[in-house]
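Undergrad:
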Amino acid sequence: AQKVTQAQTEISVVEKEDVTLDCVYETRDTTYYLFWYKQPPSGELVFLIRRNSFDEQNEISGRYSWNFQKSTSSFNFTITASQVVDSAVYFCALSGNSGGYQKVTFGTGTKLQVIP
Amino acid sequence: DTAVSQTPKYLVTQMGNDKSIKCEQNLGHDTMYWYKQDSKKFLKIMFSYNNKELIINETVPNRFSPKSPDKAHLNLHINSLELGDSAVYFCASSPLRGGDIETQYFGPGTRLLVL
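Read top to bottom, the protein sequences are chains X and R.
Per the numbering used here, residue 1 is the first one in the first sequence, and the count goes up by one each step.
Per the numbering used here, residue 1 is the first one in the second sequence, and the count goes up by one each step.
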């Protein structure tokens, strides 16, 4: 069985602050994928990043960065110099093997509010 | 170009009715999914199809029946709608090969309200 835990239900920060969204996962698979998705108030789900279990390199994309640590089963997401447009619900997800096929399990989401 | 599209976007209906939601993807992906997102934003997979074959069927009432006429389409039919079916339903698709393997791309969602 696989599980994704996003312990932070809601976070509020003031614009320009940095914020880190935590994600801890559980899986017995040796090969798996981790994802982050953004769901803005408009409701669509926007893909942000995918990481496979063999690639522990951290990634930076503009103000976004991701820290993948297999030793702690974590895949945390940091937004630097947050902006109001970053306000959204962010989901961490894990894709692992289920009966020979990949199945994605989503965390419960972290609602980020950036206050101007 | 819309990658994953769903119709309708909004659906308001009475309890007991039967309704369908359609999904189409033009990404050439092999696998398609239906998710339900409840009022607390919890996303749960309902079904997954690979090349028209059902591969994942979570514990979903049999009032829900997916149909995949071809690889690019996955429709969801719901019989005898209940109040608890009110939610946002997302369709998604993913490739089994290539640079973005296993990445799921989501449709815009269908907001279903059962009165």
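For every residue, glycine included, the Cβ atom is placed at its ideal position computed from N, Cα and C.
All of these numbers come straight from a predicted model, not from anything done at the bench.
Smallest Cα separation from K41 (chain R): which of X:V89, X:T20, X:S95, X:D22?
TA: Here residue 41 (chain R) refers to the residue found at position 41 of the second sequence. Nearest C-alpha to K41 (chain R): X:V89.
Undergrad: CA-CA distance, V4 (chain X) and I45 (chain R)?
TA: Translated into the one-based positions of the first sequence, residue 4 (chain X) becomes position 4. Translated into the one-based positions of the second sequence, residue 45 (chain R) becomes position 45. Each residue's Cα considered, the two are about 14 Å apart.
Undergrad: Around the Cβ of P116 (chain X), are there at least 16 other Cβ atoms within 10 angstroms (buried) or fewer (exposed)?
TA: Position 116 of the first sequence, counted from the first residue, corresponds to residue 116 (chain X). Exposed.
Undergrad: Could you name the residues of the region 13–43 of chain R whose beta carbon sits closer than 7 Å to any beta carbon of chain X, in the order they occur along the chain?
TA: Against chain X - using a Cβ distance shorter than 7 Å - the residues of the region 13–43 of chain R are K41, F42, L43.
Undergrad: Would A3 (chain R) be called buried (16 or more neighbouring beta carbons within 10 Å of its own) or exposed?
TA: For the purposes of this step, residue 3 (chain R) is identified with residue 3 of the second sequence, where counting begins at 1. Result: exposed.
Undergrad: With a cut-off of 9 Å, does the C-beta of Y25 (chain X) fall near any C-beta of chain R?
TA: Counting from 1 along the first sequence, the entry for residue 25 (chain X) is found at position 25. So, not an interface residue.
Undergrad: Along the region 42–72 of chain X, where does the CB come closer than 7 Å to a CB of chain R? Name the residues.
TA: Answer set for the region 42–72 of chain X: G43, E44, L45, F47, R50.
Undergrad: CA-CA distance, F91 (chain X) and V19 (chain X)?
TA: Translated into positions along the first sequence, residue 91 (chain X) becomes position 91. Translated into positions along the first sequence, residue 19 (chain X) becomes position 19. Roughly 15 Å separates the two Cα atoms.
Undergrad: Using a Cβ-Cβ cut-off of 6 Å (strictly less than) and excluding sequence neighbours within five positions of F77 (chain X), which residues of its own chain qualify?
TA: Against the first sequence, residue 77 (chain X) aligns to sequence position 77. If we look at F77 (chain X) and ignore the five residues flanking it on each side, its Cβ neighbours are L21, W36, W66.
Undergrad: Given a cut-off of 9 Å, decide if Y33 (chain X) and Q102 (chain X) are closer than it, judged by their beta-carbon atoms.
TA: To locate residue 102 (chain X), count along the first sequence from 1; it is residue 102. To locate residue 33 (chain X), count along the first sequence from 1; it is residue 33. Contact flag set, yes.
Undergrad: Can you give me the C-alpha to C-alpha distance between V12 (chain R) and H77 (chain R), rounded to a whole angstrom?
TA: In the second sequence, the residue the question calls residue 12 (chain R) occupies position 12. In the second sequence, the residue the question calls residue 77 (chain R) occupies position 77. Roughly 15 Å separates the two Cα atoms.
Undergrad: According to the neighbour-count rule (16 or more other Cβ atoms, all chains shown, within 10 Å of its Cβ), is F54 (chain X) buried or exposed?
TA: In the first sequence, counting from the first residue as 1, residue 54 (chain X) sits at position 54. The residue is exposed, with fewer than 16 neighbouring Cβ atoms inside 10 Å.
Undergrad: Taking Cβ to Cβ, would you say P66 (chain R) is nearer than 9 Å to N75 (chain R)?
TA: Along the second sequence, one-based indexing puts residue 66 (chain R) at 66. Along the second sequence, one-based indexing puts residue 75 (chain R) at 75. Yes. Within cutoff.
Undergrad: Identify the contact partners of T110 (chain R) in chain X, using a Cβ-Cβ distance below 9 Å as the criterion.
TA: Residue numbering aside, residue 110 (chain R) sits at position 110 when the second sequence is read from its first letter. Going along chain X, no residue has its Cβ under 9 Å from T110 (chain R), so there is no contact; the nearest lies around 10 Å.
Undergrad: List the DSSP bridge partners of T20 (chain X).
TA: Indexing the first sequence from 1 puts residue 20 (chain X) at position 20. Partner(s): X:T78.
Undergrad: Per DSSP, which one or two residues make a beta bridge with Q39 (chain X)?
TA: To locate residue 39 (chain X), count along the first sequence from 1; it is residue 39. DSSP, once it has assigned bridges, lists X:V89 as partnering Q39 (chain X).
Undergrad: Within 10 angstroms of its Cβ, does R63 (chain X) collect 16 or more other Cβ (buried), or is it exposed?
TA: Reading the first sequence from its first residue, position 63 is the one you call residue 63 (chain X). Label assigned to R63 (chain X): exposed.
Undergrad: Please state the DSSP three-state secondary structure of T72 (chain X).
TA: Within the first sequence, numbered from 1, the residue matching residue 72 (chain X) stands at position 72. Note: T72 (chain X) maps to helix in three-state DSSP.
Undergrad: Using 9 Å as the threshold, is the C-beta distance between S94 (chain R) and Y33 (chain R) below it?
TA: Stepping through the second sequence from its first residue, residue 94 (chain R) is reached at position 94. Stepping through the second sequence from its first residue, residue 33 (chain R) is reached at position 33. Yes. Within cutoff.
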